[in-house]
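Taking the numbering used here, I'd label the letters of the sequence shown as residues 38 to 260. Contents: one structure, followed by commentary.
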Amino acid sequence: MTDVLRRDFLWQSAAWTGLTLSGSVSDVSQAHSVERPVLPVAGIATVYRHNSHADVILGKILEGYDQKGGPGPALKLVSLYIDQFPDGDLSRDLSRKYGVPIFRTIEEAVTVGGDSIPVAGVLSIGEHGNYSSTPDTNQKKYPRRRFFDAIIAAFEKHRKVVPIFTDKHLAYNWKDARHMYDTARRMKIPFMAGSSVPGMWRNPSVTIPLDSEIEEVIGLGYG
38 MTDVLRRDFL WQSAAWTGLT LSGSVSDVSQ AHSVERPVLP VAGIATVYRH
88 NSHADVILGK ILEGYDQKGG PGPALKLVSL YIDQFPDGDL SRDLSRKYGV
138 PIFRTIEEAV TVGGDSIPVA GVLSIGEHGN YSSTPDTNQK KYPRRRFFDA
188 IIAAFEKHRK VVPIFTDKHL AYNWKDARHM YDTARRMKIP FMAGSSVPGM
238 WRNPSVTIPL DSEIEEVIGL GYG
């Protein structure tokens, strides 16, 4: 992956995860004067139903920031791996609608069913789904490390690395999180993590010029 493509992927990822200074991700994209190439990405998710984290993140690639067919990030979802298919699953209908294949393994999604890695990045979304919990803290044992390790195995097999974004915190325990961090650092993989919440709509949708210095920020939430 060239430095230019890596930089473009990182910028686009920052846009839809809210890592910009704009009050509206759409405004940032429209204000950014440089025409950027549309980069192919693979989506790895536990489940894909309405308002799930996969829907909030991948839905903006498929259907625009407002998920109504308008402007969106300069990314193209070219493959999917879905771990579970609960009632209300959206992935199969969206797969047919947009021609995005759902593969049986993570390696196949990363390679888009081929013998090389054609994607510019991998989005790993380990949130929601029917998984066991830790006995002491009752944390859901979402398979974020399993997803990460399978992505890494594909990288090693095909001798290529691309950026990885993993939704939420890295893992439900320190050992797994440290393993993921150390592996990404050892392999020099651009590795990002964070919440899908900044990718949600904002009200009011104010625009702050790029490179502005923010003096104060207030965040409100629940749940």
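No residue lacks a Cβ here, since even glycine has one placed at the ideal position from N, Cα and C. All figures in this text were calculated on a predicted structure; none of them were measured in a lab.
Query raised in the report: With C-beta atoms as the reference, is Pro246 less than 8 Å away from Ile226?
Result: Taking the first residue of the sequence shown as position 1, residue 246 is located at position 209. Taking the first residue of the sequence shown as position 1, residue 226 is located at position 189. For the 8 Å CB-CB criterion, Pro246 and Ile226 do not form a contact.
Query - Distance between Ala79 and Ala91 (C-alpha atoms, nearest Å) - result: For the purposes of this step, residue 91 is identified with residue 54 of the sequence shown, where counting begins at 1. For the purposes of this step, residue 79 is identified with residue 42 of the sequence shown, where counting begins at 1. So the two alpha carbons sit approximately 12 Å from each other.
Query raised in the report: Distance, Cα to Cα, Lys177 vs Gly258?
Result: On the sequence shown, position 140 is the one that residue 177 refers to. On the sequence shown, position 221 is the one that residue 258 refers to. For Lys177 and Gly258, the distance between alpha carbons rounds to 21 Å.
Requested in this report: Report buried or exposed for Val137, applying the criterion of at least 16 other Cβ atoms within 10 angstroms of its Cβ.
Outcome: Here residue 137 refers to the residue found at position 100 of the sequence shown. Val137 comes out buried.
Query - Per DSSP, the bridge partner or partners of Asp186 - result: In the sequence shown, residue 186 corresponds to position 149, counting from 1. Paired residues: none, contrary to the question.
Requested in this report: Give me the Cα-Cα distance between Phe184 and Glu253, rounded to the nearest whole angstrom.
Outcome: If you number the sequence shown from 1, residue 184 lands on position 147. If you number the sequence shown from 1, residue 253 lands on position 216. Between the alpha carbons of Phe184 and Glu253 lies a distance of about 37 Å.
Query raised in the report: Looking at the structure shown, is Tyr118 part of a helix, part of a strand, or coil, going by DSSP?
Result: As a working note, residue 118 is residue 81 in the sequence shown. Strand at Tyr118.
Query raised in the report: For the beta strand (DSSP E) that contains Ser128, what are its first and last residues?
Result: Position 91 of the sequence shown holds residue 128. For Ser128, there is no enclosing beta strand (DSSP E); the residue is found in the alpha helix (DSSP H) stretching over Ser128 to Tyr135.
Query raised in the report: Rounded to a whole number of angstroms, what is the C-alpha to C-alpha distance between Pro77 and Arg129?
Result: Here residue 77 refers to the residue found at position 40 when the sequence shown is read from its first residue. Here residue 129 refers to the residue found at position 92 when the sequence shown is read from its first residue. Their Cα atoms are separated by approximately 19 Å.
Query raised in the report: What does a CB cutoff of less than 8 Å around Ser132 pick up in its chain, not counting 5 residues either side in sequence?
Result: In the sequence shown, residue 132 corresponds to position 95, counting from 1. Once the five neighbours on either side are set aside, the close Cβ partners of Ser132 are Leu117, Pro138 and Ile139.
Report task. Please determine if the region 156-176 and the region 197-211 are in contact, where contact requires at least 3 C-beta pairs separated by less than 8 Å. Result -> Yes: the two stretches touch, three or more of their Cβ pairs being nearer than 8 Å.
**Report entry** In DSSP terms, what Val159 is bridged to
**Finding:** Taking the sequence shown and counting its residues from 1, one reaches residue 159 at position 122. Paired residue(s): Ala79 and Ile201.
Query raised in the report: What does Gly231 pair with, by DSSP beta-bridge criteria?
Result: By one-based count along the sequence shown, residue 231 stands at place 194. Bridge partners of Gly231: Asp204 and Lys205.
Query raised in the report: In terms of residues, what are the limits of the alpha helix (DSSP H) holding Asp248?
Result: Position 211 of the sequence shown, counted from the first residue, corresponds to residue 248. Counting along the chain, Asp248 falls outside any alpha helix (DSSP H), and DSSP gives it neither H nor E.
Report task. Between the Cα of Gly125 and those of Pro110, Val115 and His87, spot the shortest distance and give me the residue it belongs to. Result -> Taking the sequence shown and counting its residues from 1, the one referred to as residue 125 is at position 88. The shortest Cα separation from Gly125 among Pro110, Val115 and His87 belongs to His87.
Query - Neighbourhood of Pro123 by C-beta distance below 8 Å, restricted to the same chain and skipping five residues each side - result: Taking the first residue of the sequence shown as 1, we reach residue 123 at position 86. So the qualifying residues of the chain are Val84, Arg86, Gly166 and Asn167.
Report task. Tell me whether the beta-carbon of Ala190 lies closer than 8 Å to the beta-carbon of Glu144. Result -> Along the sequence shown, one-based indexing puts residue 190 at 153. Along the sequence shown, one-based indexing puts residue 144 at 107. Cβ distance < 8 Å, so Ala190 and Glu144 count as in contact.
**Report entry** Inter-residue spacing [alpha-carbon to alpha-carbon] between Ser153 and Arg196
**Finding:** Along the sequence shown, one-based indexing puts residue 153 at 116. Along the sequence shown, one-based indexing puts residue 196 at 159. Going from the Cα of Ser153 to the Cα of Arg196 covers about 9 Å.
Query raised in the report: Who does Lys113 pair with in a DSSP beta bridge?
Result: Translated into the one-based positions of the sequence shown, residue 113 becomes position 76. DSSP, once it has assigned bridges, lists Pro77 as partnering Lys113.
Requested in this report: Would you identify the three-state DSSP class for Arg86, choosing helix, strand or coil?
Outcome: One-based indexing of the sequence shown puts residue 86 at position 49. Three-state result, Arg86: strand.
Query raised in the report: Relative to the C-alpha of Gly231, which residue among Ala208, Val147, Ile98 and Lys97 is closest?
Result: Position 194 of the sequence shown, counted from the first residue, corresponds to residue 231. Its Cα nearest to that of Gly231, the residue Ala208 stands out among Ala208, Val147, Ile98 and Lys97.
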